[in-house]
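S.K.: In the numbering used here, the protein residues as written are 126 to 353.
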């Protein structure tokens, strides 16, 4: 709940209610609204000491929004930024598959009990099967990011039309953040849950372990993968 309040609710309230010239003004209100999600993301990255890809991508997008607003670039750049950040991340996911450090491993480590899985893979000599699964999962994750970028771009074009550095721009930015929860956030979340479910089920099939022993979430959430 705290994360939801600091990263979504409070910034929207600031943009919609405090951007007028008789209050904070457009630039201070914009910077204040961006400070909360950025600060929360930095705190999470520092405390967890692991790379949370969602938080990292969100922080980059937030900082670029601040640059566009403070330097009053053309509002069309905001729509481009909304699409470019997730789509570029999708490209990095795919490209990293051809390096020693594939980004999809971050998703694997966050979702899968790595120690148990690696023992099972070694005993079954299933390394090649796991490598193929990682490649398919990378493409699914990249596809999710591309869809997110397209939806974000379409919504930004429709909603954010005023010049940055104005109260109108801030109001439209706050409205867009509110409107994108159903079409963008929910859709992207559903696709990511589907990707993780596929990763868990497939890992369980390759290793012979029950999904409850594969999924890092365990407990009640793990029972979802045992159904059917």
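Using N, Cα and C, we set each Cβ at its ideal position, and we do this for glycine too.
1) Are residue 259 and residue 280 closer than 8 Å when you measure CB to CB?
2) Any contact of the region 331 to 338 with the region 240 to 249, i.e. 3+ C-beta pairs under 8 Å?
3) Excluding the 5 residues preceding and the 5 following residue 140 in the sequence, name in chain order all residues of the same chain whose CB lies nearer than 6 Å to its CB.
4) Does residue 143 pass the burial test, meaning 16 or more other C-beta atoms within 10 Å, or should it be called exposed?
5) Residue 272 and residue 312: beta carbons closer than 8 Å?
6) Measure how close the beta-carbons of residue 218 and residue 267 come, nearest whole angstrom, since I'm counting them as under 8 Å.
7) Out of 229, 263 and 161, point me to the one whose CA is closest to residue 183's CA.
8) Straight-line CA distance for residue 172 to residue 129?
9) In the DSSP assignment, find the unbroken alpha helix (DSSP H) run with residue 293 in it and report its ends.
10) DSSP state of residue 340, grouped into three classes?
11) With distances taken from CA atoms, which of 338, 137 and 252 is nearest residue 305?
12) Enumerate in chain order the residues of its own chain whose CB-to-CB distance from residue 133 is below 6 Å, with the five nearest sequence positions on each side excluded.
13) Any contact between the region 187 to 197 and the region 205 to 217? By contact I mean 3 or more CB pairs, one from each, below 8 Å.
14) Can you tell which of 226, 229, 150 and 154 has its C-alpha closest to the C-alpha of residue 135?
15) Between which two residues does the alpha helix (DSSP H) carrying residue 130 extend?
16) For residue 353, which of helix, strand or coil comes out of DSSP?
17) If I follow the unbroken alpha helix (DSSP H) through residue 323, where does it start and stop?
18) Exposed or buried, what is residue 274 when buried is set at 16 or more other beta-carbons lying within 10 Å of its beta-carbon?
19) Just to check my reading of the structure: residue 292 and residue 164 have Cβ atoms closer than 8 Å, yes? What is that Cβ distance to the nearest angstrom?
M.R.: To lay it out plainly:
1) no
2) yes
3) 158, 295, 298 and 299
4) buried
5) yes
6) 4 Å
7) 161
8) 18 Å
9) 292 to 304
10) strand
11) 137
12) none
13) yes
14) 154
15) Premise fails: residue 130 is in no alpha helix (DSSP H) and is neither H nor E.
16) Caution is warranted here: a pLDDT of 47 is assigned to residue 353, below 50, making its placement in the model unreliable, and the coordinate value is therefore given only provisionally. Three-state result, residue 353: coil.
17) 312 to 332
18) buried
19) Residue 292 to residue 164, Cβ: 24 Å. No contact.
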